[in-house]
Amino acid sequence: MQICLVGGAVRDQLLGIQSQDRDWVVVGATEKEMIVQGFRPVGRDFPVFIHPNTGEEYALARTERKSGHGYAGFTFFASPDVSLEEDLARRDLTINAMAQLPSGEIIDPFSGQKDLQDKVLRHVSSAFSEDPLRVLRVARFAAQFHHLGFQVATDTMSLMREISASGELGFLSAERVAQEFEKALCSQHPLVFLDILKQCNALDCLFSEFSRLDLEPLSPSMLRLKILNPAPELSFALLCQAISELQEVNTASLIQDLCLRIKMPNRYRDLARQFVRFYSFMSDFAQLSPQQKLTIIKELRLLKEPNTLPELISLYLSRDPQMTHEDFESLQRLLQRIRALSPQSFMTKGLTGAELGKAIEAAQLDICALDTKYT
Ligand code: CTP
C-alpha cells in the first residue's frame, strides 16, 4: 500500500500558505486492510477512513462516474488496482490534482505546478462537469486566491456556463452551497466569488438576491471592511445592506428567506438585519426623540449584546468613509449610561414585576432625553 498527501494540502504547501486540513489517498489497499491497521471507516458514499491517532482523512484511491443529479449523484469504484494517476484524474482543478509521496516527490500528471505558477484555475478534464458543486468551488478559489492574481481559465469558464445552463445547480444541497459561500465570505475578496458566479450565469440560480447588485462600486467598502473586521458575518451584512439600497426590496424578509433557503447560521441573518436597520437611522440618530432612540436601541439588542455595536460601527465606517469612530462616541456613551442603570436600586425601593419594568424604562427614557438635549 502507498499513502500520499493529496489535494488542497499539496496545493497550499506549494503556494506557501497554511492548509486547513490534510487529506491522504491510499493506493493498493482494501477496506479490510485499512480496518486491520486500526483505521476507522466513516465514508457513507465512498471508502474514507479516519487515522486512529491523527484523526486525518484517508481515502482509498477511486474513480467516479456520474449516475444522478447534483453533488452526490456518483457511483464510485475503489479497488487496489486504481492507480494514483487515475485517482488524480477524477479531481476538479489541476492545482488540486497533485499528490506528494512520502519521499517528498510531487506527482503532478496534469501540470498543476505550472498552473500554480501561471495562476490559473483550470479543470483537469471534461469530467469536471459531472459535479456542479465545482462551479461554486472555482468561484470560491477565485475569491481565496484573488490577492495572488489567480484567474479562471477560459475553457473552465465555458464548462461552468454549460453546467449553469444544464440546470444541475438546482440539485445542489443547501448545506454545500452555504459551505462554499461561507468560505468565500471568509476570504479577502467575497465579491470575486459573486462576480465569477455572475460571469458563468450561476448567480440567478444560486443567489438570485445578489443578481441585481452592482458589484464593482461595492468593492472599496468591502476592502475597507476586511481591514476593520474580516469576519464572514460582517461581509454578508455588507452585501445585504447594499441590496437594501436597491429600490422595491423588503430587505428584512429577503435576508430571512435567503438564510433559510441556503441554511446560513442565524448569526448571519441577525447581524445583516441589525446592520440594515442601523444604517438606515444612524445618520439621523441625534435628531430622534428619546422614545425613538430607546426603541431602536432595544430593537437592535444593543443593551443585551454589547459586542454588536463595534461590529455595526465597522460596517458603517466601511460603507461611509466620511464617518469616523468619533461620530459614534455619543451613541457609545448613551449606551454606557443606560447599561449602568442597576435594576437592584429599583428593587430596593420595593418595585417588582411590571412596575419594575416601567420604572427602569422611564429611567432609560430620561437618559435618552438628556442625550437629546445635549447633542
Ligand atoms: N475534490 C474534487 N471535487 C470536489 C471536491 C473535492 O475534485 N467537488 C477533490 C480536490 O482534489 C480537492 C480534494 O478533493 O483538492 C479535497 O477536497 P476539499 O477538502 O473539499 O477541498 P480542498 O481542495 O482541500 O480545499 P480547502 O480544504 O481549502 O477547502
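Numbering (the UniProt record's numbering), first residue to last: 1 to 375. Each residue gets a CB set at the ideal place from its N, CA and C atoms; glycine is no exception.
Proximity test, residue i beta-carbon vs ligand 1 heavy atom, cut-off 7 Å
i    : result
Q18  : no
G8   : yes
L133 : yes
A97  : yes
K66  : no
D87  : no
D118 : no
R161 : no
K198 : no
D21  : yes
K183 : yes
R44  : no
R137 : yes
R91  : yes
Expected contact under 8 Å - CB spacing of residue i and residue j to nearest Å
i    : j    : result
V6   : I106 : The pair is not a contact, with the Cβ atoms about 11 Å apart (cut-off 8 Å).
L228 : S318 : 6 Å
R137 : E180 : 6 Å
V285 : Y316 : Residue identity check: residue 285 is Phe in the sequence provided, not Val. Incorrect: roughly 11 Å between the Cβ atoms, too far for contact.
F77  : R62  : 6 Å
V135 : I163 : 5 Å
K119 : G167 : Actually they are not in contact, since the Cβ atoms of K119 and G167 sit about 31 Å apart, beyond 8 Å.
L159 : S111 : Not really, about 18 Å apart at Cβ, beyond 8 Å.
I95  : A139 : That pair is no contact at about 15 Å.
Inter-residue spacing [alpha-carbon to alpha-carbon] between residue i and residue j
i           : j    : result
L116        : A237 : 33 Å
N266        : C259 : 8 Å
R269        : L294 : 23 Å
V276        : R122 : 38 Å
A143        : N201 : 17 Å
residue 377 : L334 : Lying outside 1 to 375, the shown extent of the chain, residue 377 is not represented and no answer is given.
D155        : G38  : 43 Å
A89         : T54  : 27 Å
M98         : M323 : 48 Å
S211        : P306 : 34 Å
M264        : L60  : 32 Å
I243        : S67  : 38 Å
I17         : D23  : 16 Å
L356        : Q291 : 18 Å
L101        : R261 : 42 Å
I3          : E57  : 11 Å
L351        : H189 : 53 Å
L172        : H146 : 25 Å
residue 384 : Q287 : Outside the modelled stretch of the chain, which goes from 1 to 375, sits residue 384, for which no answer is possible.
L309        : V249 : 25 Å
V36         : M157 : 44 Å
R65         : F46  : 12 Å
C205        : P232 : 22 Å
residue 378 : L234 : Only positions 1 to 375 of the chain appear in this structure, which leaves residue 378 out of reach.
G8          : Q20  : 9 Å
Quiz item: In chain order, which alpha helix (DSSP H) runs of at least 4 residues are fully inside the region 240 to 307?
Solution: The qualifying runs are 251 to 261, 266 to 282 and 290 to 299.
Exercise. Scan the region 320 to 346 and note each continuous alpha helix (DSSP H) run of 4 residues or more that stays entirely inside, going in chain order.
Key: Restricted to the region 320 to 346, the alpha helix (DSSP H) segments that are unbroken, complete and at least 4 residues in length are 329 to 340, listed in chain order.
Quiz item: Which parts of the region 5 to 73 are runs of the beta strand (DSSP E), unbroken and 3 residues or longer, counting only runs that do not cross its ends?
Solution: Complete beta strand (DSSP E) runs here, min 3: 23 to 27, 48 to 50, 57 to 60 and 62 to 66.
Self-check item: Whole runs of the alpha helix (DSSP H) within the region 138 to 207, excluding any shorter than 4 residues
Solution: Counting whole runs of 4 or more residues, the region 138 to 207 contains the alpha helix (DSSP H) stretches 154 to 166, 174 to 186, 190 to 199 and 203 to 206.
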